Each structure stands twice: as structure tokens, then as C-alpha cells.
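Number of protein chains: 2
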Amino acid sequence: MKNPVLNKLVIFGVGLIGGSVALALKKAGNSPQIVGVGRTEESLKTALELGVIDIATSIIEDALQNADLVLIATPVAQMPAILKSIKPYLNSKTIITDAGSTKADVLYCAKEILGELSSQFIGGHPIAGAEKSGVTAAIANLYENKNIVLTPTADTSKQAIEMVTQLWQTCGAKVSIMSADTHDNIFAAVSHLPHLLAFALVDNIAARPNAEQLFSFAASGFRDFTRIAGSHPEMWRDISLANKDALLIELNAYETQLSSIKKMLQDGDGTSLQRLFERASVARNAWAQDKKSV
Amino acid sequence: MKNPVLNKLVIFGVGLIGGSVALALKKAGNSPQIVGVGRTEESLKTALELGVIDIATSIIEDALQNADLVLIATPVAQMPAILKSIKPYLNSKTIITDAGSTKADVLYCAKEILGELSSQFIGGHPIAGAEKSGVTAAIANLYENKNIVLTPTADTSKQAIEMVTQLWQTCGAKVSIMSADTHDNIFAAVSHLPHLLAFALVDNIAARPNAEQLFSFAASGFRDFTRIAGSHPEMWRDISLANKDALLIELNAYETQLSSIKKMLQDGDGTSLQRLFERASVARNAWAQDKKSV
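Line order of the protein sequences matches chains V and Y.
Residues in the first sequence are numbered consecutively from 265, following my numbering.
Residues in the second sequence are numbered consecutively from 265, following my numbering.
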């Protein structure tokens with residue numbers, strides 16, 4: 265079978281994530297025609313001016329005509345409305361994918377809204393980001409050597425898997441395939457829980473009468489530990505709720521771990537504390553050694 | 265009253281912390297004579313070769329002769345042995361200070377060992393550090409614009425407060441004076457607890473059968489959140505135990521905070537979650553804006 269051909273790509277949400285895909289494709293050469301669809305004319309105009317997209321439109325029917333691939337790179341909360349708006353104009357070959365941080369909820373939504381056409385949908389999550397957002401922050405090499413997870417179901421068409429794999433590989437990313445549940449479990453542990461923990465710490469300190477004094481003595485360890493507490497509140501509300509079950513499992517496991525550390529402290533059990541700190545520091549430094557590109 | 269004159273400084277532990285003090289004094293000009301005392305000949309030899317210290321010795325009596333100031337910059341666990349070893353050679357004007365991360369335990373130890381001479385001791389904690397350790401990592405500007413906390417007691421001599429304040433100001437640091445208990449409470453919240461939380465997260469993940477898979481999808485948020493989990497295990501065992509009471513209070517407050525977040529998740533209470541995330545992200549970003557130099 266020939267690789268599915270990508271002549272026309274439609275991007276909903278031309279911000280950091282969608283814009284960087286467009287720039288990566290253009291940099292790789294043989295770029296498809298790239299159509300940007302967005303809510304605010306302002307940001308689409310900027311995307312056009314920066315050469316990130318070839319065409320800007322808010323008319324879904326025009327955008328979808330002969331589209332080979334639709335990439336939804338908006339906040340996850342906009343997914344249902346967008347899927348509903350494109351459904352009437354999807355042809356039997358148009359592939360649809362997304363770039364959201366949670367996957368089971370997105371699959372559920374695609375199945376509900378697209379029905380039979382959901383075999384043309386494949387969920388995706390590029391593990392890349394930056395401090396900044398918006399199309400002006402988009403860069404061609406955002407995905408180079410980064411992980412991208414695709415979460416096909418038993419119903420997902422081979423064409424969908426192939427086209428979206430190819431898309432991300434062209435952007436320089438390493439593609440992993442797994443179930444949406446596996447994805448959500450993994451990211452509950454290594455991303456969603458750490459965000460929750462950082463938000464919790466900062467809020468706890470900020471609420472105190474002596475918050476100003478406390479913050480004034482916080483230094484570089486605090487800066488790094490809490491960097492993710494500066495993340496977008498609505499986005500993290502949505503992620504937390506979308507991945508609630510897996511996140512609660514992680515939170516429970518973490519509470520158990522904290523209880524056991526508390527007991528070591530109460531008992532003055534230096535040996536156990538040191539052993540735990542040693543395991544963590546060995547694992548953390550080995551990881552950092554391994555993942556220099558992160 | 266004239267400022268106390270610093271003609272001879274003795275540093276126990278010429279590593280990153282002690283070595284950077286020496287380099288800062290030399291850079292500032294009019295440097296006192298700097299004598300390094302250490303356990304391993306190797307590192308003292310390096311300190312001498314790098315011009316960090318003027319004299320290296322392991323003979324305490326020689327080192328202490330006519331010393332105006334003794335800076336103990338070794339791991340806290342070595343404090344008692346060092347205080348015992350210098351006590352016989354202290355004259356009535358020699359000031360003693362340290363650079364440890366906890367202060368109430370150090371004060372207690374100084375009082376126990378030095379007895380009446382403990383009025384010549386003042387605890388100190390420079391809020392600065394780096395990924396690397398050892399004298400080869402020492403730099404002259406490590407303390408520039410950094411906080412240094414001094415924790416005098418009612419018995420501490422004015423000379424001690426003045427000389428050590430002057431020492432750190434010459435290094436470019438901002439000196440704050442507070443009680444040892446206040447210090448330990450502040451750092452339990454903004455440093456010791458975050459370290460514990462990061463160690464706990466990494467150890468919890470590392471212990472799982474699918475640890476390798478989990479680590480392989482951890483990205484930049486995880487990297488920053490867990491950086492402090494790569495810290496020195498023995499040092500953090502000592503800090504945790506030395507500041508056990510304040511740390512347990514922080515741990516309890518944090519557990520309460522986590523329980524309340526868990527409830528919001530269980531209830532699907534997006535409004536409360538978003539409000540909490542918003543408070544945290546506003547506070548965190550304001551802090552980062554304020555503390556650009558950290």
C-alpha cells in the first residue's frame with residue numbers, strides 16, 4: 265500500500281503547537297497546502313503574515329474541501345464544537361487528529377460526535393511545549409527528538425495511523441503507539457500529578473499571613489520545583505478533570521508515600537530516609553543523564 | 265565603636281561554599297589572610313593551587329593562632345567534632361560562624377560545646393548553591409545579591425554580628441537577621457518540604473514495574489520539578505532530621521492541602537480547582553517576576 269498523500273492540511277488553532285507543526289512541515293520541504301482556521305481574525309492574520317499558514321479562513325466548508333488531514337490544536341474544551349462543525353464536510357478519506365494532553369476523553373468525544381467516521385480519527389499528544397504560547401512563539405524545531413504519542417483504537421483506519429505517524433516524523437518527532445488509557449496513566453504519573461503538587465505547594469504558601477517573607481527567601485530549588493505552578497489554570501483544570509480517575513490513583517499512591525516518609529521523620533529513622541533519598545537521587549540523575557535533550 | 269577588623273580568616277571545608285567566600289573576599293580587595301583546614305590533603309592542595317586560600321593546614325593550633333574569624337563550611341554533621349577541636353585554641357576575640365542549612369540544631373550544638381564562648385558564635389545560612397560541589401566549582405560571585413540569614417541569640421556578641429555581617433556584605437550578599445526558629449520554619453516551607461516532595465515523587469515512580477516506560481515519557485516539567493531530587497542524600501537526611509519538627513508541621517499542612525484537592529477532583533469541582541490553580545499561578549509568576557536574579 266502506498267503512503268497516504270498529504271496535499272492539504274487544515275489546522276484548527278494556529279498557536280504554539282499547531283503553528284510549530286506548520287513551520288516544521290515547511291522547513292522539511294514538499295509542504296502540503298496549510299489552511300488555518302481560528303476564532304480570532306487577529307491571530308490568523310499574524311499566522312498568515314509570518315508565513316506559518318498559506319490560507320486563513322473561518323468558513324469550515326471551504327477549509328475542509330479536499331482536506332487530507334485536520335489537526336485540532338485548540339484547547340481540549342473546544343474539541344466537541346469543532347468536531348461537530350467539521351462533521352458535515354468530512355469526506356471518506358479525511359483524517360482527523362488532535363494534540364491534547366489527555367486522550368481517553370478525546371476518543372470518547374470523537375466516537376460520540378463522529379460516529380462511524382471516528383475510524384478516521386486518531387488521538388495524538390506531542391510531548392513538547394514552551395513557556396510561551398501563541399503563533400508568535402511557534403518554531404520549526406519544537407518537535408525535534410521529542411516524543412509524540414498516538415492512541416489508535418481497534419477501529420482506527422490504517423490510513424489514519426500512517427498519515428499522522430508520517431506527519432509527526434516529518435516534524436522530527438519520535439512516534440509511540442499505545443492505548444488512550446495507557447497514555448493517560450503514564451501522564452497522570454509523570455506530568456499531571458507533578459503539576460497538581462506544585463500548584464498545591466504554591467497555593468499553600470501564598471495563603472499564609474507571612475507569605476511575603478516566605479517567598480522572599482525562596483531560591484533556585486523552589487524556582488524549578490514550582491515552575492509548572494505557573495501553568496495555565498483553565499488548561500490544567502480541564503486536564504485534571506479529564507484524567508480524574510488516573511490522577512486520583514496517583515494522588516493516593518503519593519499520599520501513601522508521604523505517610524511513610526512522615527513516619528520515618530517522626531521516628532527519627534535516618535537510615536530509611538537516606539535510603540529513600542538515595543534511590544530517588546540515583547534514579548533522577550540517571551534519568552537526567554539519559555534525557556539530556558529534554 | 266570601630267568595626268571589628270578581619271585580618272585572618274580560617275575556613276573549615278574549602279568547597280563550593282567556603283571557597284566562594286574566599287574568592288569573593290579576594291576579588292573585593294584588602295583580603296584577610298585565608299587559611300584552609302580540611303580533611304583531605306588533595307582538595308586543600310587544589311584550593312592552594314587555585315589561589316583560593318593562602319595557607320593550607322591540618323594543624324588546628326596553627327590555624328587558629330590570631331584568627332579573627334572561623335567559618336565552618338563543612339557538612340553539618342562535622343560541626344560538633346570541629347567545634348570541639350577548635351575550642352582549646354579560641355582566644356577571647358575569635359568569632360565563629362557556619363554556613364549550614366538548619367540553624368536551631370547548630371546553635372544548640374555551639375552552646376553545648378562552646379559553653380561561655382558561644383557568645384562568640386553566630387549561625388549563618390547563605391541561600392546560594394549550585395549543581396556542582398567542591399572547590400573547583402567555587403566562584404567569586406556566588407553570593408552576589410543572594411540572601412544570607414544570620415541567627416544571633418540574646419547572648420551573641422555585637423562583634424560577632426558585625427564581623428559576620430561585614431563578611432557577607434563584602435561577598436555581595438543581602439544580610440537578614442532573625443531567630444534560628446524563624447529561619448528553620450521559613451526554610452522548612454520553601455526548601456525542605458519541596459525537597460522531600462521531589463524525592464518522594466521520584467522514588468514512588470522508580471519503584472514501579474513500569475518505571476522505565478514512565479521515565480521515558482517524562483519531559484521538561486518533570487525535569488524541573490524533580491531537579492532537587494538529585495540532591496545529596498546524606499545532606500538531606502541531616503537537614504530533615506535537624507529540622508524535623510518544622511518539617512512535620514509543613515508536611516501536615518501539605519497533606520491537608522492535598523486532601524482538599526483530592527476532594528475537588530472526586531467531586532469534579534472544576535470551579536474550585538481552577539480557582540486554586542489560578543491563585544497558585546498568579547503567586548508563582550509574580551514571585552518569578554520579582555526574583556529574576558534567583
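Ideal Cβ placement from N, Cα and C applies to all residues, glycine included.
Everything numeric in this text was worked out from a predicted model, so none of it was measured.
Beta carbon proximity, residue i to chain Y, threshold 9 Å
i: W432(V); result: no
i: R303(V); result: no
i: S545(V); result: yes
i: M265(V); result: Note that M265(V) scores a pLDDT of 48, beneath 50, so its modelled location is shaky; the value from the coordinates is reported in the next line. Answer no: the Cβ-Cβ gap between M265(V) and chain Y never drops below 9 Å.
i: A363(V); result: no
i: G436(V); result: no
i: A288(V); result: no
i: T417(V); result: no
i: T490(V); result: yes
i: P497(V); result: yes
i: K357(V); result: no
i: Y518(V); result: yes
i: L280(V); result: no
Residue i - partner residues in DSSP beta bridges
i: S440(Y); result: V413(Y)
i: F385(Y); result: I360(Y)
i: I298(V); result: L273(V)
i: P390(Y); result: I412(Y)
i: V334(Y); result: V274(Y) and I360(Y)
Candidates the options, of which the one nearest residue i by Cα
i: T358(V); options: G436(V), V269(V) and W500(V); result: V269(V)
i: K396(V); options: L511(V), G283(V), G532(V) and L537(V); result: G283(V)
i: A311(Y); options: G398(Y), P390(Y) and A462(Y); result: G398(Y)
i: Q547(Y); options: G485(V), A510(V), T321(V) and A462(V); result: Per the sequence shown, the amino acid found at residue 547(Y) is Ala instead of Gln. The shortest C-alpha separation from A547(Y) is found at A462(V).
i: N330(V); options: F486(V), I346(V) and L273(V); result: L273(V)
i: G277(V); options: Q553(V), L512(V), K309(V) and D369(V); result: K309(V)
i: P458(V); options: L280(V), D554(V) and D488(V); result: D488(V)
i: T321(V); options: A337(V), E306(V), V301(V) and L431(V); result: V301(V)
i: T400(Y); options: H496(Y), G393(Y), L465(Y) and L314(Y); result: L314(Y)
i: S421(Y); options: D318(Y), I319(Y), E380(Y) and N474(Y); result: E380(Y)
i: L512(Y); options: M499(V), I503(V), D502(V) and K526(V); result: K526(V)
i: P339(Y); options: D533(Y), A402(Y), Q553(Y) and E498(Y); result: E498(Y)
i: G494(V); options: R491(Y), I425(Y) and R543(Y); result: R543(Y)
i: Q342(Y); options: D502(Y), R539(Y) and E519(Y); result: D502(Y)
i: T369(V); options: T304(V), V413(V) and A444(V); result: For clarity, residue 369(V) is Asp in the given sequence; the question names Thr instead. The residue with the shortest Cα to Cα distance from D369(V) is A444(V).
Cβ neighbours of residue i in the same chain (closer than 7 Å, five flanking residues each side left out)
i: A453(V); result: E514
i: I350(V); result: I324, L328 and V334
i: A471(Y); result: none
i: N449(V); result: A510
i: L478(Y); result: I469 and R472
DSSP three-state assignment for residue i, whether helix, strand or coil
i: I492(Y); result: helix
i: M265(Y); result: Below a pLDDT of 50, predicted positions are generally treated as unreliable, and M265(Y), at 48, falls in that range; the measurement from the model is reported next regardless. Residue state, collapsed to three classes: coil.
i: I319(V); result: strand
i: I403(Y); result: coil
i: Q433(Y); result: helix
i: R501(V); result: helix
i: D531(V); result: coil
i: D369(V); result: helix
i: P473(Y); result: coil
i: Q553(V); result: helix
i: L512(Y); result: helix
i: Q521(V); result: helix
i: F481(Y); result: coil
i: A418(V); result: coil
i: G398(V); result: coil
Closer than 9 Å to chain V by CB, residue i
i: A444(Y); result: no
i: E542(Y); result: yes
i: I403(Y); result: no
i: K414(Y); result: Inspection of the sequence shows that residue 414(Y) is occupied by Leu rather than by Lys. With 9 Å as the cut-off, L414(Y) does not count as an interface residue toward chain V.
i: P458(Y); result: yes
i: Q297(Y); result: no
i: K351(Y); result: no
i: D369(Y); result: no
Neighbourhood of residue i by C-beta distance below 6 Å, restricted to the same chain and skipping five residues each side
i: T361(Y); result: L335, I386, G388 and V428
i: E408(V); result: G436
i: S382(V); result: A374 and K375
i: M265(Y); result: Below a pLDDT of 50, predicted positions are generally treated as unreliable, and M265(Y), at 48, falls in that range; the measurement from the model is reported next regardless. Nothing meets the Cβ criterion.
i: I319(Y); result: V299
i: Q423(Y); result: P268
Chain C within 9 Å of residue i, Cβ atoms only
i: P344(V); result: Absent here is chain C; the protein component of the structure consists of chains V and Y.
Contacting residues, own chain, Cβ-Cβ under 8 Å from residue i (five flanking each side not counted)
i: A337(Y); result: I275, F276, G277, V278, G279, I281, G282, V285, D362 and A363
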